[in-house]
Amino acid sequence: MAADDRERGAAVVEYVLVSVLLIVVFLAVAQIALLIHTRNVLVADAAEGARAAALRDGGLSAGERACTDLVRHAVGGLAPAPCSGSYEGLALPLVRMRVSATVPLTFVPFGHVHLDVSARALREPR
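With our numbering, letter number 48 in the sequence shown gets 658, and the count goes up by one each step, no holes.
Structural data, given as structure tokens:
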């Protein structure tokens, strides 16, 4: 049996092994990109809710309502992500808006990631 005969079909096996590895790496990168995008959207929505609550005529309920509406519109596939606001800061009056959401993983069956983000805005004087 010649050396060439023993290596017959090796290219096909190598191609399958490498292509499976490349597909897994591609799906992992795509999943991370989706999670980063979702986190950035939640941070932007929390910041908008904090700004709405920081307005002179606004209040925490207005900011929470604005934040919840934005989250529901932007990432509708999530379970309802409650927005909670609070006042904080001693030297500067701040409004803090916090969003907690559980994001299902797209490329991993039965997986999920919990995201907890917050944003702050300077409260207008009354």
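Glycine included, C-beta positions come from ideal geometry on N, C-alpha and C.
Would you decide whether residue i is buried or exposed? Buried here means 16 or more other CB atoms lie within 10 Å of its CB.
| i | result |
| --- | --- |
| Arg666 | exposed |
| Gly686 | exposed |
| Val634 | exposed |
| Arg739 | In the structure as shown, the chain begins at 611 and stops at 736. Residue 739 is therefore absent and cannot be evaluated. |
| Ala711 | buried |
| Thr716 | exposed |
| Gly659 | buried |
| Leu700 | exposed |
If you reduce the DSSP assignment to three classes, tell me which class residue i lands in.
| i | result |
| --- | --- |
| Val653 | helix |
| Leu665 | coil |
| Gly659 | helix |
| Arg616 | helix |
Along the alpha helix (DSSP H) that carries residue i, what are the first and last residues, could you check?
| i | result |
| --- | --- |
| Gly673 | Leu670 to Ala684 |
Output needed for residue i: all residues of its chain with C-beta closer than 8 angstroms, excluding positions within five of it in sequence on either side, in chain order.
| i | result |
| --- | --- |
| Gly669 | Ala663 |
| Val639 | none |
Ignore the nearest five residues each way along the sequence and tell me which others in residue i's own chain have a CB closer than 6 angstroms to its CB.
| i | result |
| --- | --- |
| Ala657 | Ala729 |
| Ala714 | Going by the sequence as given, residue 714 is Pro instead of Ala. Hits under 6 angstroms: His722. |
| Thr678 | Cys693 |
Give every residue of the same chain whose Cβ lies closer than 7 angstroms to the Cβ of residue i, excluding the five residues on either side of it in the sequence, and list them in chain order.
| i | result |
| --- | --- |
| Ala684 | Val651 and Asp655 |
Task: Contained alpha helix (DSSP H) runs [length at least 4] in the region 683 to 734, N- to C-terminal order - done: none
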